[in-house]
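Written out below as structure tokens is the structure these notes cover.
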Amino acid sequence: MNARATATVHGWLLLLPAMACLALFTHWPAVASLIESFYSTPKARRPARFVGLDNYEQLLADPIFWKAMSNNLWFALGTIPTSIALALLMAVWVNDKIVGRTWVRMAFFTPTILPMIAVANIWLFFFTPQYGLLEQVVGAFGGRSTNWLGSQDTALTAITIVAIWKEAGFFMIFYLAALQALPPSLSEAAAIEGASRWTYFRRIQFPLLMPTTLFVLINAVINAFRMVDHIFVMTRGGPDNATTLLLFYIYQVGFSFWDTAYAATLTCVLLALLALVAFVQYGFLERRTHYR
Amino acid sequence: MDRRDVLSGAAALAGSLVLPGLARAQAATEVSFFYPVAVGGPITKLIDTYAADFEKENPAIKLKPIYAGTYQETIVKALTAHKSGTPPVTSVLLSTDMFTLIDEDAIVPFDSFIKTEDDKKWLASFFPAFMENSQTGGKTWGIPFQRSTVVLYWNKELFKEAGLDPEKPPASWAEQLEFAQKLTKKDAAGNVTQWGIQIPSSGFPYWLFQGLSTQAGAILANATGNATNYADPGVVEALQYWVDLAQKHKVHPPGIVEWGTTPKDFFEKKVAMMWTTTGNLTNVRGNAKFPFGVAMLPAGKRRGSPTGGGNFYLSKKATPAQQEAAFKFIRWITTPERAAQWGIDTGYVAISPAAYETAAMKAYAADFPPALVARDQLPHAVAELSTHENQRVTKALNDGLQAALTGTKPPQKAMEDAQAEAERILKPYR
Chain A
1 MNARATATVH GWLLLLPAMA CLALFTHWPA VASLIESFYS TPKARRPARF
51 VGLDNYEQLL ADPIFWKAMS NNLWFALGTI PTSIALALLM AVWVNDKIVG
101 RTWVRMAFFT PTILPMIAVA NIWLFFFTPQ YGLLEQVVGA FGGRSTNWLG
151 SQDTALTAIT IVAIWKEAGF FMIFYLAALQ ALPPSLSEAA AIEGASRWTY
201 FRRIQFPLLM PTTLFVLINA VINAFRMVDH IFVMTRGGPD NATTLLLFYI
251 YQVGFSFWDT AYAATLTCVL LALLALVAFV QYGFLERRTH YR
Chain B
1001 MDRRDVLSGA AALAGSLVLP GLARAQAATE VSFFYPVAVG GPITKLIDTY
1051 AADFEKENPA IKLKPIYAGT YQETIVKALT AHKSGTPPVT SVLLSTDMFT
1101 LIDEDAIVPF DSFIKTEDDK KWLASFFPAF MENSQTGGKT WGIPFQRSTV
1151 VLYWNKELFK EAGLDPEKPP ASWAEQLEFA QKLTKKDAAG NVTQWGIQIP
1201 SSGFPYWLFQ GLSTQAGAIL ANATGNATNY ADPGVVEALQ YWVDLAQKHK
1251 VHPPGIVEWG TTPKDFFEKK VAMMWTTTGN LTNVRGNAKF PFGVAMLPAG
1301 KRRGSPTGGG NFYLSKKATP AQQEAAFKFI RWITTPERAA QWGIDTGYVA
1351 ISPAAYETAA MKAYAADFPP ALVARDQLPH AVAELSTHEN QRVTKALNDG
1401 LQAALTGTKP PQKAMEDAQA EAERILKPYR
């Protein structure tokens, strides 16, 4: 009994550093944001006072918030399925014995390890009108010149493409690891049965990869709401808020306008959104992913 | 660590406790100093050299210059540090951040440091145009340092090709349009290969636009920073001119033009005339492979350009000794000789008339006359748009400008919306 108590204490002590960090950097800021969202922004001559739901009312009436929200949904819709599909495709490809496999794997993975700010600067020049890389390719096929980042119709798509390019290689690593963990006897059995490559992928590989897909999906959703760095370099949310995403707007309100209470309110909305998504994914999808 | 170290350490500690006066006399006053980089060139190296020179002359002061990113990033860092209690003693921040810094109670005015006749003379030595964004309510809150105006750069080679006089820049809006039409080239498929003119509109379009609105005779904000004039007919007229350059006359690239790649477009001969800061002068001189000219912005109803750039501010939370030391440094670096050198090294406007009378600046200007254009434009310059809640009020204008330039709103409607938003934000400050 005594030994058991000691073990319990030991266990808790081992957990303590991680728990302290989690509480300090995750739980406390979330709670503090929630509390702050019910107060006005403190100014040098005007301390914060309780305003109830005023900040939330302001949020509902704020057109830029709704614009950021819809941009973010389109951004998520644009990045998540495409980057996951690309990652799966690339992983299946480089899992085979092809010539120069190491090189291809490295090429696919390179975007992931580059710093986002550097990536954004490179892409800024890809998207440059007239002499940018993209323009030269389009021009070679006789296409018209486009101002990719400077037009309301294409700016968000351009931002989305950079995100996909950056994400796909990262997710590929997880798929590659999962593919290599599949027992070789399965592919041998499929070969003996005479199953086609497509059937093998559809009936064996893909279902067995489902837990990985769930993991990647959760990461992709979080990233879609977290991705913000390249917006600073490439568009700063413009033209006229066409590329303002939720997190970028929170930064702007918090650190450009110093309206900390409203930033806290926006943060709470983002948290609630992510919590909802996580709830759906863990509570609903996870039960259906495991291959039985 | 051996025992001797411990003992001497303990002795030093005891000494500093017993004789605090003595210990303090030996320790230098430490002055942390945040600064941004907003133009091309080896700015960090220049600042480090200045700091080393200053310390050599003032051994009692230890200067710690810290490069803090863009203007935007620098003010975020400075204000975050202020809120956490240990801000930099002095920072170079946008002159337009003055009202924000006052509202946050983050800075002290320079007036209490001005004691002697000599100090008063120094304060009066700056170009008056730069002091418009440095003073409010009868107090001086910022000291001009890396200041600029918008100027027009033109490619003399392309002017000659188009049959224009390569030595004659456009002097009026009508000429600017006429020249731009001659300078715009198209290929067989109808794609434009060379634009006549380019005015960047990413990030802070309001600044370049303020050139146009001033030329149209409008002033964007009042001097106390609590009212804007975005829907003024002059402002709408200026925006209409800008929009027409792209959408009606097709001599200016459509959509948003990137600030950062505009000089590169100029070097690549994709554009024959560009508007950008005089702070890019040294960059353009180093990278343009063709003869180029620099001119004042063309006149509409009048000539005009906003001033721009950064001022020195003094932190309220620093100790009086630190503030005094920082003040000493600011006076040191704004002497005519150093202001002239800074202007030569970067292209920024030297901040006082006296700097243009120094031998170094005279020699430089004789060799490279464009260096004087920004100074000559100063009498036509107006204060840069600056209000309370500056970032937010400016964003309202920026969004409206971008909406008009991308064609989603007509200029009139875009400016009315921007004005309504600014009204809402500024109401509590009246």
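Those protein sequence lines, which keep their order, are chains A and B. Reminder that position 47 of the first sequence reads as 47 in my numbering, one-by-one numbering, no gaps. To convert, count from 1 in the second sequence and add 1000; that's my numbering. All C-beta atoms in this analysis are idealised placements derived from N, C-alpha and C, irrespective of residue type, glycine included.
- Between the alpha carbons of B/K1362 and B/Y1356 lies a distance of about 7 Å.
- Within chain A, no residue has its CB atom less than 7 Å from the CB of B/D1097, the nearest being about 11 Å off.
- Per DSSP, the continuous beta strand (DSSP E) segment holding B/R1147 begins and ends at 1143 to 1155.
- Using a Cβ-Cβ cut-off of 7 Å, B/P1253 is close to P129, N147 of chain A, given in chain order.
- Runs of the alpha helix (DSSP H) spanning 4 or more residues and lying entirely within the region 1122 to 1208 of chain B occur at 1128 to 1131, 1156 to 1161, 1173 to 1183, in chain order.
- A contact is defined here as three or more CB-CB pairs under 8 Å, and the region 199 to 219 of chain A fails this definition with respect to the region 234 to 253 of chain A.
- A/V51 and A/S40 do touch by the CB rule: their CB atoms are close to 5 Å apart, below 8 Å.
- According to the DSSP assignment, B/V1092 belongs to the beta strand (DSSP E) that extends over 1090 to 1094.
- Membership of B/F1054 in the alpha helix (DSSP H) is indicated by the continuous run 1043 to 1057.
- The alpha-carbon of A/S145 is positioned some 14 Å away from that of A/A155.
- Rounded to the nearest whole angstrom, the CA to CA distance from B/K1317 to B/P1263 is 40 Å.
- Contact between the region 126 to 142 of chain A and the region 197 to 205 of chain A is not established, with fewer than three Cβ pairs separated by less than 8 Å.
- The beta carbon of B/I1143 does not come within 8 Å of any beta carbon belonging to chain A, so the residue lies off that interface.
- When C-beta atoms of the region 1035 to 1052 of chain B are compared with those of the region 1343 to 1359 of chain B, three or more pairs fall below 8 Å, so the two segments count as touching.
- Secondary structure remark: continuous beta strand (DSSP E) runs of at least 3 residues inside the region 1361 to 1398 of chain B: none found.
- Using a Cβ-Cβ cut-off of 8 Å, B/I1107 does not count as an interface residue toward chain A, since no Cβ of chain A sits closer than that to its own.
- Taken in chain order, the unbroken stretches of alpha helix (DSSP H) that lie wholly in the region 180 to 209 of chain A and span 4 residues or more are 184 to 193, 197 to 200.
- For B/S1032, the enclosing beta strand (DSSP E) starts and ends at 1029 to 1035.
- As summarised for the region 232 to 259 of chain A, the continuous alpha helix (DSSP H) elements at least 4 residues long and confined to that stretch are 246 to 251, given in chain order.
- Ranked by how close their Cα comes to the Cα of B/V1089, the residues B/T1116, B/Y1035, B/Q1176, B/A1404 have B/Y1035 in first place.
- Taking C-beta separations shorter than 7 Å and ignoring five residues to either side along the sequence, the partners of B/V1236 in its chain run P1411, Q1412, M1415, following chain order.
- The distance from the Cβ of A/S37 to that of A/A275 is about 15 Å, inconsistent with a contact at the 8 Å cut-off.
- Apart from the 5 residues on each side of it in sequence, A/F248 sits with its Cβ closer than 6 Å to the Cβ of V228, I231, G237 in its chain, given in chain order.
- A residue is called buried when at least 16 other Cβ atoms come within 10 angstroms of its Cβ; B/D1165 does not meet this threshold and is exposed.
- Contact holds between the region 1174 to 1190 of chain B and the region 1145 to 1162 of chain B, because three or more Cβ pairs, one in each stretch, are under 8 Å apart.
- Within chain A, no C-beta atom comes nearer than 9 Å to that of B/L1093; the closest sits roughly 13 Å away.
- Between the region 1222 to 1239 of chain B and the region 1370 to 1382 of chain B there are fewer than three C-beta pairs closer than 8 Å, too few to call the two in contact.
- Taking a 10 Å sphere around the C-beta of B/H1082, we find 16 or more other C-beta atoms and assign the residue as buried.
- For the set B/N1390, B/F1292, B/F1312, the Cα lying nearest the Cα of B/E1421 is the one of B/N1390.
- Burial check for B/I1333: the Cβ neighbour count within 10 Å reaches 16 or more, so the residue is buried.
- Here B/P1253 is not near B/N1398, since their CB atoms are 8 Å or more apart.
- One alpha carbon belongs to A/T160, the other to A/E167, and they sit about 10 Å apart.
- By the neighbour-count criterion, in which 16 or more other beta carbons inside 10 Å mark a residue as buried, A/R45 falls on the exposed side.
- Residue contact with chain A for B/K1427: absent (no Cβ-Cβ distance below 8 Å to any residue of chain A).
- With contact defined as three or more Cβ pairs closer than 8 Å, the region 1195 to 1203 of chain B and the region 1263 to 1272 of chain B are in contact.
- Across the set A/F284, A/L246, A/E286, the C-alpha of A/L246 shows the shortest separation from the C-alpha of A/A272.
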